[in-house]
Structure formats: structure tokens, C-alpha cells
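The block underneath contains the structure these notes are about, expressed in C-alpha cells.
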Amino acid sequence: MNHVHFVGIGGIGLSAIARYLNAAGVKVSGSDIKETPLTAKLRVEGIEVNIPHDEKNVTTPDLLVHTAVAKPDNVELIAAKKKGIKTLSRREFLPYIVNDKKVLSVCGAHGKSTTTAILSSVLPQANALIGAESKEFHSNARRTDSELLVFEADESDGSFVDSNPYIAIVTNTEPEHMEFYNHDLYKFYAHYEEFLKKAKIRVVNGDDEFIKKLDLPMKKVYLKDAKNIRYEVRDGLPKTVFEYENREFEVYGFGEHLVLDALLAIEAAREFLNIDEIVSNIKNFIGIKKRFDIIRHTDNFVLIDDYGHHPTEIKATLHSAKIYAMLNGLDNVVAIWQPHKYSRTIDNLEGFVECFNEASELVILPVWSAGEKEVFIDFEKHFAKHNPIFAKRVKVDGNNIMLIDENGKIIKTIDNGLIIGFGAGDITYQLRGYL
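Counting from 0, one number per residue, gives the positions in the sequence shown under numbering that gives the first Met the number 0.
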């Protein structure tokens, strides 16, 4: 392949593959529906990106690869077919990337991006494709000459079974993205079993209820195996410190969920490194963008951006934020939530109501629809116990967070305490002042 064109190149998954191929010397171009900081960065890296989709963007690539959400009537897919250019979905293209590699494939409903990023830090010689940008190498992709590939596999479209796992790593198997599996739990879990059976080595969360039922040779890790877990602020950064295998490890961030992610990465890496090398290398992990991502930090004001958009994720991260606030001498913890998809919100409504219990105050933004049709949800009724503030958007000005109503008026300004935003929509750009 000399030239690959990506439709939906601004997505975190396709952009990683685009960067990976670009670093390998393949000509890469792409398009998306709107400009973002990520598309701007791709241009800086030498990738041609056009906004929006247009048939003129399809010149003479050898192959067109498109995001799973691209519809058959997409103008660029139509143009490619008229020109006789082969088109593949991301899932269909995946074997071109993974089939000649020894893949350490990470999947699970929660923690897979963090686990993948930790593992890529522990194995600096490996290629890496992550569903988030590593702060260590400022990208969601890394290209090396190694046969190893640390890969964040995607269960949302079932493609994790096509990731050619040499080592299969499973953080948990909590049902998620059930619309793809026709809300069929048997089909959902069958994919996980298929994924695990394809691997030579399996490193899994031993406390997961589905994992417990499987009769397969597996290296099971347990949170209880980590001793003396404690939380520290070092140079203003959150660190979780724990003992394992008679060694002391430290990992960026707060929370027992991070300890479990680290243990999975440690055990997967032991196939290639000794324990002392792992102890040293894991310190290179300094977090990923949009996961407990500290945007601002002063003596009385901390602003954090987090991708959490499921109750399990939000509850764990909010607890970590509470600890971080306490260690920084802050009492007030404000959660700003942008619900992601009507379907997810409805399916997990009870969990969402309960996951904000540790917040001093809750701000709820409009649902980020992700293309879904609007469905009425009575947030005021369901979340009444939190007495939430409803805002249209947020605006950041230095150490001031302004809550804006639908008429553009300021409802409230927050200028102290810890403020943490949750969501997979454009809240990350609001918090960073891009919108």
C-alpha cells in the first residue's frame, strides 16, 4: 500500500492507525466532519486532512478505510466505489496492521486504555496503538522496529476477536455496547471467550464473574495480591504506590482500579522483561489524555478532565478525585457531567444516579447524542437528590468555571475546589477552552 485514505480520521481509533502508517512511510490522507485539535495535530505530523467529507477528497488512494459509523451514502465512499477503489471498514482493515505482529491485545469495558498505555510504557520497545493519547509520547500511536504490538482492542464492534492476540489481556467483562450484540448476553460473552481462546497467553482479572466460569489456562491477577496500597501527591501529581512480588511500584493516578490495571500490565510484560525492569519502566507512565487529566492546578483550584461515561468508571474516578482533593487540602468536589448517548443513559440510569454520591455538587449538561435521536429523560426528577445545576455549556477563563444557560447567561461561577468533568463528547473541548 502506497496511499491509504481514512474517512473519519479524526476519531481516536482511526487516527491511531493513520499515525502508525504515516510513521511507516505510507502516504496517508483523510477527512472528517469537523475540525478538532486532533485533526490539526495530524496535519502538523504531515497527514493531509480535509474538512468536511467531500468526493474531491478521494483522489487516487490504493485503499479507503472508513469508520464504523460511516453510512453507505457517505459521499467519499460513493466516490471511491465509482473509481474502483477498494473500501474497508476499520475492522476489515485491522488484519493488515496486526497479522504480522506479536500482539498484546487489551480489552474490557473499563480500564483498557489505561492498561494499554501502562503496558506501552513498560515495554518501550513495542509498537503501540491506544484508544487515547499517551502523555509519555504525546500520541495514540507509536511505531518501532519491534515485532511486539501493544494494542487496545475494541469490543464495541466485536473487532477485538480479529486482533490476532498473542497475549490476551482482559480488564473486565461488564456488559457494554450491547446494541452491537442485539442485547444478547450469550453473544456478548461468546466474543470474549473466542478472543481468549485465540491467544497463546491469557492475563485476566481473576475477580471478574465471567472469567471465573471459564475453563481455560489463564494467569489471573487479583487486587488482593497488591499490598500496602497508598496514595501520594508527588510534584503535584497523583501517584498510587503499592507492593507486589516484594517490589514497590508506583503508577500515575489514584485508585484501586489503577492498581488492577497495573497488575495486568506487569504480568503481561513479564513474558519479555524481568521484574526489576518493569519496576523502573512503569514510572514512565504519566497518564493519558482525558483520563484523570489534570488541566489546571493551583493551591485552591484543580480542574480535571475525564473520559468516564459509564457509572462504574465515574464512581471509581470520582472517589479518586475525592482523595486527591483531600490530599491537596480542598473540601469542595464539583462533578460536571455530559451524558453520552440517550441509550446508554437510559440503560444505566440507576447507576448514574448513584455514581455521583461523593460529589459536593453536580452539574448536568445536555446529552451528547452521538448521532442518536433525542429521547426525553427527566433528569430533574431522577437526579433530584443531588439538587443538580442544569447548564447548556461551560466556559473556562483562567481559574474560573462559568456555567452558561441556553441564553448565554452565566448561571454560576466556580473559582475554588476540585472540578472534574465527565463525558466522551465535546466537554473535553469546553473544559480546555476550545469551545
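By construction, the Cβ of each residue, glycine as well, lies at the ideal position given by its N, Cα and C atoms.
Residue burial classification, residue i (beta-carbon count within 10 angstroms, cutoff 16)
{"i": "Ser162", "result": "buried"}
{"i": "Asp414", "result": "exposed"}
{"i": "His137", "result": "exposed"}
{"i": "Leu215", "result": "exposed"}
{"i": "Ala189", "result": "exposed"}
{"i": "Arg233", "result": "exposed"}
{"i": "Tyr243", "result": "buried"}
{"i": "Val160", "result": "buried"}
{"i": "Arg246", "result": "exposed"}
{"i": "Thr97", "result": "Checking the sequence, you will find Val at residue 97 rather than Thr. Buried is the call here."}
{"i": "Asp31", "result": "buried"}
{"i": "Gly7", "result": "buried"}
Backbone secondary structure at residue i - three-state DSSP
{"i": "Leu184", "result": "helix"}
{"i": "Asp53", "result": "coil"}
{"i": "Asn97", "result": "It is Val, not Asn, that sits at residue 97 in the sequence shown. Helix at Val97."}
{"i": "Lys226", "result": "strand"}
{"i": "Phe355", "result": "coil"}
{"i": "Glu34", "result": "coil"}
{"i": "Glu231", "result": "strand"}
{"i": "Ser28", "result": "strand"}
{"i": "Met177", "result": "coil"}
{"i": "Thr58", "result": "coil"}
{"i": "Met325", "result": "helix"}
{"i": "His339", "result": "strand"}
{"i": "Pro164", "result": "strand"}
{"i": "Ile274", "result": "helix"}
{"i": "Asn126", "result": "strand"}
{"i": "Val366", "result": "coil"}
{"i": "Phe481", "result": "Outside the modelled stretch of the chain, which goes from 0 to 434, sits residue 481, for which no answer is possible."}
Proximity of residue i and residue j at Cβ, strictly below 7 Å
{"i": "Tyr251", "j": "Ile322", "result": "no"}
{"i": "Tyr341", "j": "Glu371", "result": "yes"}
{"i": "Phe157", "j": "Thr66", "result": "The sequence as given places Gly at residue 157; Phe does not occur at that position. Going by C-beta atoms, Gly157 is not nearer than 7 Å to Thr66."}
{"i": "Val121", "j": "Ala264", "result": "yes"}
{"i": "Glu47", "j": "Val74", "result": "no"}
{"i": "Pro71", "j": "His4", "result": "no"}
{"i": "Leu302", "j": "Ile418", "result": "yes"}
{"i": "Ala108", "j": "Glu175", "result": "yes"}
{"i": "Glu504", "j": "Val395", "result": "Since the displayed the chain opens at 0 and closes at 434, residue 504 lies outside it and no answer follows."}
{"i": "Val203", "j": "Glu266", "result": "no"}
{"i": "Leu93", "j": "Ala79", "result": "no"}
Distance between beta carbons of residue j and residue i, contact taken as under 8 Å
{"i": "Ala358", "j": "Leu317", "result": "6 Å"}
{"i": "Leu364", "j": "Ile426", "result": "7 Å"}
{"i": "Asp330", "j": "Gly420", "result": "Contact doesn't hold; Cβ gap of about 19 Å is too wide."}
_Under 8 Å: do the region 85-103 and the region 144-157 share three or more Cβ pairs, one atom per stretch?_
yes
*Okay, do the region 282-298 and the region 111-126 touch, 3+ Cβ pairs below 8 Å being the bar?*
yes
*Looking at C-beta atoms only, is the number of pairs between the region 255-264 and the region 216-228 that lie closer than 8 Å three or more?*
yes
*Decide yes or no for the touch test of the region 374-389 against the region 296-306: beta carbon pairs closer than 8 Å, at least 3 of them.*
no
*For the region 37-45 against the region 16-27, are there 3 or more C-beta pairs whose distance is under 8 Å?*
yes
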